[in-house]
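Data first, discussion second: the structure below is written as structure tokens.
Residue numbers (our numbering): 6 to 234.
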């Protein structure tokens, strides 16, 4: 006896309907009489609807069933449908690629506005005002670098990052950048020391005056020991 395994059968385009519904659709394509083919197609649609009882209340439920009927026939079934016949191209259309609302940030720890401010300085004609703005931006970059790395920022790294973001189009007073002091810590909250939070959460079970009482008892014990000597 020859066994009929599923791997030797044709592909199920919609596995949720099962093998029997696909075989019904295959039988529809063998019917030559168009009127009879339409009648049995409607019967297959009714059976398909019984397999999806939870979707009966949807507005386009019947439309979906007819689309599924054509999909299971590999778009080869020729019947009179109350809805426009779907095409393979319509179902294989890929959605349009969404564009991100913002561009790539080269230095995320500085934020996206630092590079914008540096690029805006290219239009500044007064050299003194340009250098002053660069120094303020460098101080801000030092503070953001300290927040991100939690370590002392290096002025050489700040200067290098400014040159990368400006592509060398702005003249920078390197001495002023290298002489920036550690003023970035003034506006930052102090970091808690190790063990401070743990000691703050540790409950104090000693009663009022208990420590003093313990000290008095220790002093009395020492006095008794001296008398015995």
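Yeah, the Cβ is synthetic: ideal placement off N, Cα and C, and Gly gets one too.
Can you tell me whether residue 166 is buried or exposed, with buried defined as 16 or more other CB within 10 angstroms of its CB?
Counting from one through the chain shown, the residue named residue 166 turns up at place 161. Classification for residue 166: buried.
If residue 24 sits next to residue 17, beta carbons under 8 Å apart, how far is it from one beta carbon to the other, in whole angstroms?
Your numbering for residue 24 matches position 19 in the chain shown. Your numbering for residue 17 matches position 12 in the chain shown. Separation of the CB atoms of residue 24 and residue 17 is rounded to 7 Å, and the pair is thereby assigned contact status at 8 Å.
Given a threshold of 16 other Cβ atoms within 10 Å of its Cβ, counted over all protein chains shown, does residue 26 qualify as buried or as exposed?
Along the chain shown, one-based indexing puts residue 26 at 21. Burial call: buried.
Compare the C-alpha of residue 117 against each of 91, 134, 145 and name the closest.
To locate residue 117, count along the chain shown from 1; it is residue 112. It is 145 whose Cα lies nearest to the Cα of residue 117.
Which of helix, strand or coil does DSSP assign to residue 61?
Taking the first residue of the chain shown as position 1, residue 61 is located at position 56. Coil, per DSSP.
Would the region 124-132 count as touching the region 107-115 if we require 3 or more Cβ pairs under 8 Å?
no
Tell me where the alpha helix (DSSP H) around residue 120 begins and ends.
As a first step, residue 120 is located in the chain shown; it is residue number 115 there, counting from the start. Unbroken alpha helix (DSSP H) run through residue 120: 117-125.
Among 84, 48, 131, nearest to residue 37 - alpha-carbon criterion:
Here the question's residue 37 lines up with position 32 in the chain shown. If we check each option's Cα against that of residue 37, 84 comes out closest.
Note down the Cα distance separating residue 29 from residue 86, rounded to an integer number of angstroms.
By one-based count along the chain shown, residue 29 stands at place 24. By one-based count along the chain shown, residue 86 stands at place 81. Cα to Cα, the separation comes out at about 17 Å.
Using a threshold of 8 Å, state whether the C-beta atoms of residue 147 and residue 96 are closer than that.
Counting from one through the chain shown, the residue named residue 147 turns up at place 142. Counting from one through the chain shown, the residue named residue 96 turns up at place 91. No.
Is it the case that the region 168-176 contacts the region 148-160, given that we only count it when at least three CB pairs across the two stretches are under 8 Å?
no
Let me check understanding here. Comparing Cα to Cα, which of 92, 129, 133, 161 lies closest to residue 143?
Position 138 of the chain shown, counted from the start, is the residue given in the question as residue 143. Checking every option, the nearest Cα to that of residue 143 belongs to 161.
Can you say whether residue 119 is buried or exposed, counting buried as having 16 or more other CB atoms within 10 angstroms of its CB?
Stepping through the chain shown from its first residue, residue 119 is reached at position 114. By the neighbour-count rule (16 or more Cβ atoms within 10 Å), residue 119 is buried.
Roughly how many whole angstroms lie between the Cα atoms of residue 88 and residue 70?
On the chain shown, residue 88 is found 83 positions in, with the first residue counted as 1. On the chain shown, residue 70 is found 65 positions in, with the first residue counted as 1. Rounded to whole angstroms, residue 88 to residue 70 spans 10 Å at the Cα level.
Residue range of the alpha helix (DSSP H) that includes residue 156
Position 151 of the chain shown, counted from the start, is the residue given in the question as residue 156. No alpha helix (DSSP H) holds residue 156; DSSP gives it neither H nor E.
Using a Cβ-Cβ cut-off of 6 Å (strictly less than) and excluding sequence neighbours within five positions of residue 178, which residues of its own chain qualify?
As a first step, residue 178 must be located in the chain shown, where it is residue number 173. Only 136 meet the Cβ criterion.
Straight-line Cα distance separating residue 91 from residue 14:
Taking the first residue of the chain shown as 1, we reach residue 14 at position 9. Taking the first residue of the chain shown as 1, we reach residue 91 at position 86. In a straight line, the C-alpha of residue 14 is about 25 Å away from that of residue 91.
When the Cα atoms are used, what is the spatial distance from residue 31 to residue 61?
Within the chain shown, the letter at position 26 stands for residue 31. Within the chain shown, the letter at position 56 stands for residue 61. Taken atom to atom, the span from the alpha-carbon of residue 31 to that of residue 61 is near 25 Å.
Quick check on residue 82: does DSSP put it in helix, strand or coil?
The residue you call residue 82 lines up with position 77 of the chain shown. Reduced to three states, the DSSP call for residue 82 is coil.
Quick check on DSSP: helix, strand or coil for residue 135?
For this step, residue 135 is matched to residue 130 along the chain shown. The answer is helix: DSSP assigns residue 135 an H, G or I state.
Less than 8 Å between the C-beta atoms of residue 74 and residue 46, yes or no?
Residue 74 sits at position 69 when you count from the first residue of the chain shown. Residue 46 sits at position 41 when you count from the first residue of the chain shown. Yes.
Quick one: Cα of residue 35 to Cα of residue 65, how far?
For the purposes of this step, residue 35 is taken as residue 30 along the chain shown, with counting starting at 1. For the purposes of this step, residue 65 is taken as residue 60 along the chain shown, with counting starting at 1. Roughly 29 Å separates the two Cα atoms.
Note down the Cα distance separating residue 121 from residue 79, rounded to an integer number of angstroms.
One-based indexing of the chain shown puts residue 121 at position 116. One-based indexing of the chain shown puts residue 79 at position 74. Distance between the alpha carbons of residue 121 and residue 79 is about 55 Å.
Can you tell which of 94, 176, 108, 72 has its C-alpha closest to the C-alpha of residue 138?
Residue 138 sits at position 133 when you count from the first residue of the chain shown. Considering only alpha carbons, the answer is 176.
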